[in-house]
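Okay, so the sequence shown: first residue is 2 according to the working numbering, each after it adds one. No residue lacks a Cβ here, since even glycine has one placed at the ideal position from N, Cα and C.
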Amino acid sequence: MTFVEIFLPSSTTGSTRTQCISCHRFIYNHSFKRKRINGSLPVPGKLLSPHKIKQIFICKRVLINSKHNYICRSCDLKDLTELYIPTKSITNEQLSPYHEALSYVATAAKNEFFSDFPRTPYDTFNNEQCKLFSGLTKQEIQQLATAYNLNEKKVFLFYTKCNTNNNDRLISEIFRLSHQYFSDCFNQSIEDLYNSLVNDELGTSSWNRKKINIHTPEFAKQLLKVNANDVAVCMDGFFIYIEKSGDFILQKLTWSSQVLRNCMKFHCVTALDGSFIEIQGGYGTSGHNNEETIINSLTNDNYLIDSEDNENNIYHNHITETLFFKKILKDNDILILDRGYRRMKKRHYKIKIPQSINKGKTQLSTKQANESRLVTFHRNVVERAIGRLKKWKFLQNRILHQYVANLHKIVRILASTINKFDGPLYQNSLNKNKYIKVILKHLDDSENELKVLMHENQNHLWKLVAKNHYETIDFVKNANYLPNYTSSDMECISTGYYGMKLSERYLTNSIDHIKIYEHQTVENCIKVTGIVSRFASATKHSSILKFYPAKSEDIKFYCSCKSGARTTNPCAHSLSILVLIQSIQKQLPRLLSTRNVTNYHHAIKFAQRSSHHQEIYNNIIDCKIYKEWSTSNETFCVCNEPYQEGDWMIKCCLCHELYHPSCIDETQKEIEDNIDEWRCPYCREDDH
């Protein structure tokens, strides 16, 4: 077995100066002053760690001696394969017993490590393998590296950390890197991408009013009535959990009483196609940092001007994040927000916020419900955009304290990556355009004509026609006025995919409870009761649907839920009834032949999902059942006082009723003398 040892021909025997084992430059540290040597300044460096010496020995078969065991900082960041270490050969006879033993141990360790735990270099990855690690294809990483003159492998390591959120040491070992090298690569990539990619994808350096208008779909412009000179954007805040700090001030600043965790809050602005325009933050999460205060600070012109000179201004060191509100937003622009912004100070913008139920009411009016639907129809893009951002596992989990200082940069880098490679949420808005006519047709309705049919004085006009699965199938078969809906028709009626998805869940959970009624005077009108609520309450909703056989798209609907009075599109409860009708119609012959009550559309999927949920449910202990049992099995004396722990009560051997001794004018001692055969006064009277 051959070995080599390090050999530095330029070194001077007996010199106290140290040289790097790779680049041979002289090194200074706290023991050596930084003076010029042969006209060159020494460079910073350090002693090789035992771990590094062992790695060099295993990978290069080079023995490092105590005379030459320094490395400069730049060489320390390199991978071992990139280090050039000058050596001279050494025979086995010259090896000490220590070196011989070490060689065999190291060889065995190397064979075991590389065979049982294969480590794959980035260069050998194909597109699929690269995407599994980093979330980006190899071409996308090469595109970033080429466009911004970055190190391709370092970019890959940065995105691998963000996509997998694995421990730094694990990633280091997988890719044959030192822990320090990986840490330096990650931090360097943050700075490089923040100064290049973010500038091209976020903020006023890349966005202007014309670009926002391009990223606003035509259907949104029509529904929101956006003028040619105005723009419309969505805004929302989101949390990212962080590790609890040892500093009490930071603990208080980052503790959220809303989510009961330490976290930071970010505020994002998106176009109506889901593209990120800007992200502000991170903000603290104390009570002072809600959406209302954040938007007030960002839209206060005087405060933004003050941020340029006032060091106490919260945006003094983050001026670039406020430029969107300074330079791009103007009066009469449309801001689509959620209810957290309802108390914001009124500026000159047009604010679109979902309506709240008026005091003393249980349901939104038809006009309120239609306006709210118009807002939620567009506001979901910002929630979906935040959802795409949080698909990066680094942001899903608790952020370690060492990364919190750069968290605002990482969030903006990942949002910029989504803009660059994922593109807008609406690649093709033609599917949305077909919903516009449906919404615009009923947007200005002031009343839902079916609401009166839900009143109690109409109950006698509803006839029960189906109360179980068999009767439901027969009703759908015999009711000639029920249109045959296709999947495209259903999606058009629901005006979106999410409503369809939610309606299937309602159908799955309500199929055993629904009953169908038919109105005796209003033609082609049915009422369905027993639709289970998805919230904690035990409410069951009722929906009324009126069909027009000649025009299936002209269906009318009303529901008892909070937003059920709207006329633009049905709520998920009403839509679940259409899903039920469609599913029975689709497989009616098989249902009639088998009469199997579980053979509804997607029945297999429902059955699998139900069994899976049942398995989870069986492993969750719910003390509500105990509380119900304890209430129903509570014991009482004849005095109607419940049994309390510590009370002494006696049970009659005949009627088994319980009694306090004081209630029957007997002492405890008298009862204990005959406790096994004790009978109450009422049973004694019966004996006589």
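Item                                                                                                           : Value
Buried versus exposed call for residue 536 [16 or more other C-beta atoms within 10 Å across all chains shown] : exposed
7 Å Cβ cutoff met for residue 566 and residue 503                                                              : no
Spatially closest choice to residue 87 from 69, 427, 292, by CA coordinates                                    : 69
Alpha carbon of residue 527 to alpha carbon of residue 328, nearest angstrom                                   : 55 Å
CB of residue 452 within 7 Å of CB of residue 521, strictly                                                    : no
Which of helix, strand or coil DSSP assigns to residue 160                                                     : helix
Extent of the continuous alpha helix (DSSP H) to which residue 491 belongs                                     : 488-495
Reference residue 241; option with closest CA among 361, 234, 549, 256                                         : 256
For residue 629, the three-state DSSP class (helix, strand or coil)                                            : helix
Pairwise C-alpha distance: residue 367 and residue 477                                                         : 29 Å
Residue 529 to residue 138 span [Cα, whole Å]                                                                  : 50 Å
Whether residue 410 touches residue 195 by CB criterion (7 Å)                                                  : yes
Pairwise C-alpha distance: residue 542 and residue 560                                                         : 7 Å
In DSSP terms, what residue 263 is bridged to                                                                  : 256
Status (buried if at least 16 other CB within 10 Å, exposed otherwise) for residue 448                         : exposed
Buried versus exposed call for residue 350 [16 or more other C-beta atoms within 10 Å across all chains shown] : buried
Residue 683 - DSSP class collapsed to helix/strand/coil                                                        : helix
C-beta contact flag for residue 277 and residue 239 at 7 Å                                                     : no
Stretch pair the segment 183-197 + the segment 218-238: three plus CB contacts closer than 8 Å                 : no
Residues sharing a beta bridge with residue 236, DSSP                                                          : 270
Exposed unless 16 or more other CB atoms sit within 10 angstroms - verdict on residue 170                      : exposed
For residue 476, three-class secondary structure by DSSP                                                       : helix
Local Cβ density within 10 Å of residue 163, reported as buried at 16 or more and exposed below that           : buried
Selected residue, minimal CA-CA separation from residue 469, among 514, 289, 499                               : 514
Limits of the unbroken beta strand (DSSP E) element including residue 547                                      : 541-547
Beta-carbon proximity of residue 308 to residue 320, cut-off 7 Å                                               : yes
Straight-line Cα distance separating residue 358 from residue 318                                              : 41 Å
Those residues which DSSP pairs with residue 560 across a bridge                                               : 544
Touching by the beta-carbon criterion (3+ pairs, under 8 Å), the segment 173-186 and the segment 211-224       : no
Residues sharing a beta bridge with residue 242, DSSP                                                          : 264
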